[in-house]
Every structure is written in structure tokens, then in C-alpha cells.
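Student:
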Amino acid sequence: MKPVKGTKGRKPKPHSKGGRRAKKAVAAHRAAAPDRARTSRAAAKRQAARKAEENSGKKAVARKSPAGVRRGPMRPIAEDVIETDETAETGLAVVALPAGPGEASRRPGASGRSKTVANRLPLIAIVGRPNVGKSTLFNRLTRSRRSIVGDEPGITRDRIYGETEWLGRTARVVDTGGIVPQDQNLIPAEILRQARVALEEASLIVMVTDGRTALSGPDYELARLLFKSGKPVLLAVNKIDTGRMEEQEAEFRRLGIRDLLPISAEHGTGIDDMLEHIFSRIQAENLNGVGEREAMEHDGSEMEDSPADVQRDRLRTHGEYRQHEISIAIVGRPNVGKSTLLNVLTGSSRAIVSPVAGTTRDAVDELVEYDGSLLRFVDTAGIRRKGKTKAMAEKLSVVMARRHLEAADVALLVIDATEGVTAADATIGGYAHESGRSVILVVNKWDLVTTGRTDGKPPAEQAIFERQLRNVLKYLAYAPVLFISAAEGKNIHSLLKLVREIGAERRKRVSTGQMNRFLEQVDFERATVPMANKMRIFYMTQAGVAPPTFILFTNRQAKLHFSFERFLENQIRAAFGFRGTPIRFKVRARD
């Protein structure tokens with residue numbers, strides 16, 4: 001029987017059995033492209049980056065803008081690394097938002113080999129009563145959104161550090177909470193205590209007042225407090241958006257402060273004049289210790305960047321570049337002891353601690369040197385569900401907490417031992433896992449369920465608690481568990497050691513040769529994978545660190561089955577470690 005006309009040379013449909021066979025046959029016998037370059041993509045990228053570095057080194061130094069504050073997009077949360085003369089030889093660095101030298105008091109339980117890192121840059125303290133625009137001015141000077149800004153009074157509570165630059169000169173800035181000297185309540189009293197520490201460290205004090213309202217009693221009391229400090233004081237009358245300052249100048253002169261400047265922190269009006277006055281006053285008081293580079297810039301001469309300065313500008317916090325410090329975010333539900341843990345880790349009273357849930361709003365960070373390593377601990381606000389956050393400040397604090405978590409290297413997930421593991425803990429752990437952060441599970445308040453138990457029940461056992469913890473947080477099987485008591489300072493030294501270890505494991509690199517020898521020893525027949533999802537791995541290489549990322553070159557392009565991915569991850573951890581950090585896989589079909 002003859003075939004129907006027109007059907008003999010027709011191609012099979014793609015979804016039919018014949019179509020699938022034809023597609024596999026074409027893929028198996030596919031010839032290499034004749035115009036394919038001999039250089040790989042990675043080699044081409046390295047060659048382009050090398051040329052870009054050579055060209056950037058030959059360029060002249062960029063001219064600096066005469067404006068006091070640069071316009072443009074704000075910088076991200078993660079601050080740039082700033083290397084000083086003292087740390088240039090050792091490779092260590094002091095970064096933005098450091099602690100002042102006045103917080104060196106030790107606490108029981110803190111390690112004797114850990115200490116806070118001081119900074120020699122002059123410090124400008126911003127103080128004032130609540131809701132006068134201090135945080136807005138801080139964000140304007142630091143060109144960031146580091147401090148939470150809102151219409152509600154009393155949002156800022158802890159000290160927040162940043163850096164400002166004007167015409168080549170750099171200074172630190174600290175934002176404080178609204179000061180009400182006569183208020184004896186717990187939170188206002190703690191805010192005043194934090195502000196006193198900032199005043200002791202400050203080289204110059206900027207008192208901010210509201211130009212739209214009349215002076216009140218707290219303004220006069222704060223002015224008398226600043227006069228007693230003996231530091232130079234500048235009065236910044238904020239919220240002056242129009243030229244009606246002359247009418248109100250006499251009223252603000254009643255505070256007795258000689259230097260008075262009208263500004264608008266929200267619109268940037270008067271910021272240049274204020275910075276010029278601040279740096280000239282600091283130089284007149286001989287408080288900044290101008291170096292050779294700053295002195296030449298002040299005289300009007302130019303100085304080309306050295307190769308070390310160019311290399312410093314290329315440093316990054318992730319990838320193959322040198323890392324000056326390890327950033328650790330302390331996260332968890334409200335009132336689990338995060339601020340207490342920060343204070344005992346840094347050996348200071350850096351954060352306000354109270355039994356009221358939600359005390360911390362802005363992220364509070366501190367730089368600590370421990371056995372030659374720089375550790376930056378960031379205390380974040382308690383993360384809760386969106387339905388539980390009503391006030392604007394609480395919503396913003398949760399958003400900022402998640403942003404600081406995503407910018408950190410290691411996440412300390414603090415769990416309350418008295419309440420056990422909850423669904424909120426699992427959600428926060430999922431945030432850290434999905435963002436690729438290394439995780440340490442810290443069970444706090446362990447003394448309250450063991451030696452300090454008062455309910456008559458037997459003491460809790462670590463093995464049983466850890467088993468329950470692993471059952472809830474199964475996706476964090478790689479994260480180590482540590483039982484501590486921040487209030488009593490127990491196991492704090494072990495936590496510092498573990499943080500250093502996890503930070504090193506996060507940036508571990510395995511060569512391609514080691515990975516290929518590892519693949520030869522793995523018995524993939526043990527992996528329980530459906531027949532349709534099985535694939536052959538030709539070779540594997542590590543493409544990146546922080547977190548460790550591996551590329552698998554296979555016989556076909558397909559997503560890894562979850563059981564096969566788990567099997568391969570366990571085999572890699574058994575052979576190379578990578579404790580406490582997630583491992584990522586990418587699949588590429590070999591042509």
C-alpha cells in the first residue's frame with residue numbers, strides 16, 4: 001500500500017515519541033560551533049577586569065565637588081571599609097559606626113581577649129529633645145538611611161554611629177535619642193544615659209531645635225547640661241524652610257549658645273554652612289590631628305592616590321576579595337535577649353535593655369577585636385509577623401532588621417529556652433537560610449530551665465531540647481547549636497570561637513582537582529533518586545564563596561532532585577566541612 005501523498009517527508013511532532021527520540025539524537029551528535037572562541041568566558045572576564053584595573057590606575061584623581069553634601073542616591077546599609085595608618089600593616093581595619101573609647105568597661109563572662117575597637121576620627125554628637133529632626137539630620141550627613149525617621153516622637157533610643165565627609169575631611173557622627181532630662185521612666189532614663197556616653201566621646205556637640213515651635217523647658221535644661229560638659233556647642237535650628245529666621249533668631253539666642261545656624265535637614269538647606277563651621281571649629285580646637293594627606297588637601301595642593309588606596313577602594317565584603325571583618329547579625333523574636341547578648345559580647349552597655357518587648361528599634365552595631373579578628377555584632381529589632389506590627393516605627397524596624405540580616409555574614413538566631421522553638425523562630429531562620437547567611441542557633445536563658453528553675457519541674461536536658469529544635473528547623477541541619485546564658489555570661493567565649501570558625505568556613509575554597517578526586521570516591525548509587533531524574537556528573541567546580549557555590553557539569557540540563565541535592569551536600573560536608581553555612585548548586589549541561 002502506497003503512503004498518503006505528503007506524509008512521507010513530514011517531521012514527527014515534538015511531543016510524540018518519535019519527536020523526543022529525534023531531539024535526543026540531534027543533541028548527542030551536535031557538532032561544535034565553528035566560530036566558537038578558544039578562550040573561555042571566565043578567562044575573557046578576567047582579561048577584561050585586568051584591563052579595567054590598568055586603565056583605572058592611569059587615570060588622574062577625580063575632582064572633588066565643592067558642595068558640602070553630595071547629591072544622588074543614598075549609600076546602602078553596608079558601610080565602606082576604612083583603613084587607618086595603624087592597621088595598614090596588619091591588614092586590620094576600623095569601619096564606620098564604631099564604638100567610642102568610653103565603653104571599655106568589662107562585664108563578667110566576657111572574654112578577656114576581646115575588646116572594642118576605638119576610632120581616632122573626631123566625633124560629632126547630635127542631641128536634642130524628641131521629634132526635632134535629629135535622625136533626619138543624621139541621615140543627611142551620612143548620606144544613608146541608617147536611622148529610622150518618622151512623625152512619632154521617641155523613635156530613636158540607642159546611639160547610632162556613622163561617618164560624614166566634607167571637602168576631603170572625615171568625621172564620625174552619632175545620633176542619639178530624644179533627651180528629656182527630668183523624665184525618670186525606664187526608657188527615657190536609658191536614653192539619657194546613652195546620650196551622656198555620646199557627649200563624653202564627642203569632639204563637638206550639635207544641639208538641634210525645632211524652628212517651627214517655641215522653646216520649651218527641656219530645651220533650656222538640655223542647654224545647661226551641654227554647658228557643663230565643656231565641649232564646643234553649635235545650635236542648629238531645624239525645619240527652617242523659608243527666610244523668616246531673622247524674626248526668630250532673638251528667641252533662640254536665649255539658650256545662651258553663641259554659634260547658631262538655621263538649617264533644613266529634610267531639604268538640605270544650610271547643611272554646607274554647618275559642615276564648614278563644624279570642621280573649622282574642630283580644627284581650631286586641635287581635636288582632629290590633621291594628617292599629611294588632609295593637610296595637603298587643606299592647603300589646596302593635590303595628592304594622587306597611591307596603589308594601596310586604589311586597591312582599598314576595590315575591596316568588597318563578599319566574593320574573592322580580602323575581608324577585613326566578619327559581620328554578625330543578632331536576630332530573633334522580640335524579648336529573647338538579643339540586646340543583652342550584644343552587651344555581654346562587647347563588654348559594654350551598648351544597647352538599652354528592658355523587660356519591655358520591642359525596646360530596640362534601630363540596629364545597633366559594635367566592632368570587637370577578638371584574637372586578631374575583627375567582629376562586628378549588629379543587634380537588630382525583634383522580627384514579628386506583619387499582622388502584629390501596628391505602629392509605623394515597628395514596621396520600619398522589622399524592615400531594617402531584615403535588611404541588616406541580608407547584609408551580614410553570620411546570623412545568630414537567638415531562641416528563648418523558656419518558650420521553646422516556635423513558628424516565628426522557624427520563619428526567621430528561613431529568612432537567614434534563603435538569603436545565604438551562615439547560621440548559629442543560640443539557645444539563650446538556659447539557666448532559667450536548669451539551675452534557676454523555680455516551677456518545680458526537673459532541669460531540662462540539652463539532648464532532648466536539641467532534638468526538638470532539629471525537628472522544627474530541619475532545613476538548618478548544618479547550623480550548630482550552642483546553649484548560653486547572656487545574663488550570667490555563660491558560654492560567651494565558646495560563642496566567639498564558634499563565630500570565628502563559621503566565618504572562616506563560609507569563605508573556604510576547594511580546588512577543582514580536589515572536587516574531581518572527591519567525585520571519584522562518591523558512590524552515587526546510594527542516592528535515592530527517581531530514574532527519570534538521574535543524571536551523570538562529569539566534573540564539578542566551586543564557582544564562589546560566601547556562601548559556597550558549586551557548578552555541576554552534567555549530561556543534561558535539569559533541576560537537581562531534592563534527595564540527590566541533599567545526598568551530595570552531605571557528602572561534601574563530610575569531606576570538606578563547610579560547617580554552619582548553606583551550600584548552593586548550579587547545573588550546566590556540557591555541550
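As numbered in the working numbering, residues 1 to 591 make up the sequence shown, in order. Glycine residues also receive a C-beta, built at the ideal position from the N, C-alpha and C atoms. If you're wondering where the values come from, they're calculated on a predicted model, not measured in any experiment.
Given this structure, state the Cα-to-Cα distance separating Arg-597 from Glu-501, to the nearest angstrom.
Tutor: The question about residue 597 has no answer here: the residues shown for the chain are numbered 1 through 591.
Student: In its own chain, which residues sit with a C-beta less than 8 Å from the C-beta of Arg-490, not counting the 5 before and 5 after it?
Tutor: Residue mapping note: residue 490 aligns to position 490 of the sequence shown, counting from 1. A quick correction: the sequence has Lys, not Arg, at residue 490. For Lys-490, where only same-chain residues beyond five positions count, the Cβ hits under 8 Å are Gly-109, Trp-446, Asp-447 and Ile-484.
Student: Would you say the segment 349-365 touches the segment 375-387, given that touching needs at least three Cβ pairs under 8 Å?
Tutor: Contact annotation: the segment 349-365 touches the segment 375-387, with at least three C-beta pairs closer than 8 Å.
Student: Along the alpha helix (DSSP H) that carries Val-481, what are the first and last residues, could you check?
Tutor: Here the question's residue 481 lines up with position 481 in the sequence shown. The continuous stretches of alpha helix (DSSP H) do not include Val-481, which lies in the beta strand (DSSP E) extending over residues 481-483.
Student: What is the rounded straight-line gap between the Cα of Ile-383 and the Cα of Lys-239?
Tutor: Position 383 of the sequence shown, counted from the start, is the residue given in the question as residue 383. Position 239 of the sequence shown, counted from the start, is the residue given in the question as residue 239. Cα atoms of Ile-383 and Lys-239: separation of roughly 33 Å, rounded to the nearest angstrom.
Student: Which residue's Cα is closest to the Cα of Ser-203: Ser-435, Ala-284 and His-433?
Tutor: Position 203 of the sequence shown, counted from the first residue, corresponds to residue 203. Residue Ala-284 is the option with its Cα nearest to Ser-203.
Student: Rounding to the nearest angstrom, what Cα-Cα distance links Gly-503 and Ala-401 in this structure?
Tutor: Here residue 503 corresponds to residue number 503 of the sequence shown, with the count starting at 1. Here residue 401 corresponds to residue number 401 of the sequence shown, with the count starting at 1. Going from the Cα of Gly-503 to the Cα of Ala-401 covers about 20 Å.
Student: Please state whether the Cβ-Cβ distance between Val-650 and Ala-527 is less than 9 Å.
Tutor: Nothing about residue 650 can be reported from this structure: the residues present for the chain run from 1 to 591 only.
Student: Sort out for me which residues DSSP pairs Ser-373 with in a bridge.
Tutor: In the sequence shown, the residue the question calls residue 373 occupies position 373. Its beta-bridge partners are Tyr-370.
Student: Specify, as a first and last residue, the run of the beta strand (DSSP E) that Val-132 falls within.
Tutor: Numbered from its first residue, the sequence shown carries residue 132 at position 132. Run containing Val-132: none; DSSP gives neither H nor E here.
Student: Would you report the Cα separation of Arg-145 and Asn-139, rounded to the nearest angstrom?
Tutor: Here residue 145 refers to the residue found at position 145 when the sequence shown is read from its first residue. Here residue 139 refers to the residue found at position 139 when the sequence shown is read from its first residue. About 6 Å.
Student: Figure out for me which residue from Arg-333, Asp-241, Pro-355 and Ser-264 has the closest Cα to the Cα of Thr-422.
Tutor: Working through the sequence shown from its first residue, we reach residue 422 at position 422. The shortest C-alpha separation from Thr-422 is found at Arg-333.
Student: What residue does the alpha helix (DSSP H) around Thr-427 start on, and which one ends it?
Tutor: On the sequence shown, position 427 is the one that residue 427 refers to. Start and end: 423-434.
Student: Where does the unbroken beta strand (DSSP E) through Ala-589 begin, and where does it stop?
Tutor: For this step, residue 589 is matched to residue 589 along the sequence shown. Element bounds for Ala-589: 584-589.
Student: Suppose the cutoff is 7 Å on Cβ atoms and the five residues either side in sequence are ignored; what does the same chain contact list for Thr-142 look like?
Tutor: In the sequence shown, residue 142 corresponds to position 142, counting from 1. Correct list, in chain order: Gly-162, Glu-163, Thr-164 and Val-173.
Student: Give me, in chain order, the residues of the same chain whose beta-carbon lies closer than 8 Å to that of Val-410; leave out the 5 immediate sequence neighbours on both sides.
Tutor: Position 410 of the sequence shown, counted from the first residue, corresponds to residue 410. Hits under 8 Å: Ile-326, Ser-327, Ile-328, Ala-329, Arg-437, Ser-438, Val-439, Ile-440, Val-499, Ile-502, Gly-503, Arg-506 and Gly-580.
Student: From this set, Pro-130, Asp-259 and Asp-523, which residue's C-alpha is nearest Gly-217's C-alpha?
Tutor: The residue given as residue 217 occupies position 217 in the sequence shown. Nearest C-alpha to Gly-217: Pro-130.
Student: Using alpha carbons as the reference points, say which of His-433, Leu-341 and Arg-509 lies closest to Leu-414.
Tutor: Indexing the sequence shown from 1 puts residue 414 at position 414. Here the sequence assigns Val to residue 414, which means Leu is not the residue at that position. The option with the nearest alpha carbon to Val-414 is Leu-341.
Student: Going by the CB atoms, is the gap between Ala-236 and Thr-136 shorter than 9 Å?
Tutor: Start at 1 with the first residue of the sequence shown, and residue 136 comes out as number 136. Start at 1 with the first residue of the sequence shown, and residue 236 comes out as number 236. No, they are not a contact pair.
Student: Within the continuous alpha helix (DSSP H) that includes Arg-517, where are the two ends?
Tutor: Within the sequence shown, the letter at position 517 stands for residue 517. Per DSSP, Arg-517 belongs to the alpha helix (DSSP H) from 512-521.
Student: Between which two residues does the alpha helix (DSSP H) carrying Glu-201 extend?
Tutor: Numbered from its first residue, the sequence shown carries residue 201 at position 201. Judged by DSSP secondary structure, Glu-201 falls within the alpha helix (DSSP H) whose first and last residues are 186-201.
Student: Can you tell which of Val-127, Asn-533 and Gly-430 has the C-alpha that lies nearest to the C-alpha of Asp-210?
Tutor: In the sequence shown, counting from the first residue as 1, residue 210 sits at position 210. Ranking the options by Cα distance to Asp-210, first place goes to Val-127.
Student: Do Ile-352 and Ile-187 count as a contact pair if the criterion is CB distance below 9 Å?
Tutor: Your numbering for residue 187 matches position 187 in the sequence shown. Your numbering for residue 352 matches position 352 in the sequence shown. A Cβ-Cβ contact shorter than 9 Å links Ile-187 with Ile-352.
Student: Helix, strand or coil: how does DSSP classify Leu-330 here?
Tutor: In the sequence shown, the residue the question calls residue 330 occupies position 330. Reading the sequence as shown, one finds Ile at residue 330 and not Leu. Correct three-state label for Ile-330: strand.
Student: For Glu-86, I'd like the list of residues in its chain whose CB is within less than 6 Å of its CB, leaving aside the five on either flank, ordered along the chain.
Tutor: Along the sequence shown, one-based indexing puts residue 86 at 86. Since pLDDT at Glu-86 reaches only 37, below the 50 mark, its modelled position is unreliable, and no value is offered.
Student: If I'm right that Met-540 touches Arg-556 with Cβ under 8 Å, what's the distance once you round it to whole angstroms?
Tutor: Here residue 540 refers to the residue found at position 540 when the sequence shown is read from its first residue. Here residue 556 refers to the residue found at position 556 when the sequence shown is read from its first residue. The Cβ separation is near 15 Å, so there is no contact.
Student: For Lys-228 and Leu-199, what's the separation of their Cα atoms in angstroms?
Tutor: The residue given as residue 228 occupies position 228 in the sequence shown. The residue given as residue 199 occupies position 199 in the sequence shown. For Lys-228 and Leu-199, the distance between alpha carbons rounds to 11 Å.
Student: From the DSSP output, in three-state form, read off Glu-89 for me.
Tutor: Taking the sequence shown and counting its residues from 1, one reaches residue 89 at position 89. With a pLDDT of only 35 at Glu-89, under the threshold of 50, the placement of this residue in the model should not be trusted; the figure read from the coordinates follows. When secondary structure is reduced to three states using DSSP, Glu-89 falls in the coil class, being assigned neither helix nor strand.
Student: Can you check DSSP and say which residues form a bridge with Arg-169?
Tutor: Working through the sequence shown from its first residue, we reach residue 169 at position 169. Answer is Trp-166, bridged to Arg-169.
Student: Does DSSP classify Lys-593 as helix, strand or coil?
Tutor: Because the chain spans 1 through 591 in this model, residue 593 falls outside it and cannot be assessed.
Student: With burial defined as no fewer than 16 other Cβ atoms inside 10 Å of the residue's Cβ, what is the status of Met-392: buried or exposed?
Tutor: The count along the sequence shown starts at 1 and reaches residue 392 at position 392. Result: exposed.
Student: Would you mind reading off the limits of the beta strand (DSSP E) that contains Ile-205?
Tutor: Here the question's residue 205 lines up with position 205 in the sequence shown. Unbroken beta strand (DSSP E) run through Ile-205: 204-210.
Student: Please look up how many angstroms separate the CB atoms of Lys-134 and Thr-176, rounded, as I've assumed it's under 8 Å.
Tutor: Looking up residue 134 in the sequence shown gives position 134. Looking up residue 176 in the sequence shown gives position 176. Right, the Cβ-Cβ distance comes to about 7 Å (below 8 Å), so this counts as a contact.
Student: Kindly indicate which three-state DSSP category Pro-262 falls into: helix, strand or coil?
Tutor: Within the sequence shown, numbered from 1, the residue matching residue 262 stands at position 262. Strand.
Student: Secondary structure at Gln-182, three-state DSSP: helix, strand or coil?
Tutor: Numbered from its first residue, the sequence shown carries residue 182 at position 182. Coil at Gln-182, not helix or strand.
Student: Looking only at its chain, what residues have a beta carbon closer than 7 Å to the beta carbon of Leu-560, apart from the 5 residues adjacent to it on each side?
Tutor: Numbered from 1 along the sequence shown, position 560 holds the residue referred to as residue 560. Contacts found: Phe-585 and Val-587.
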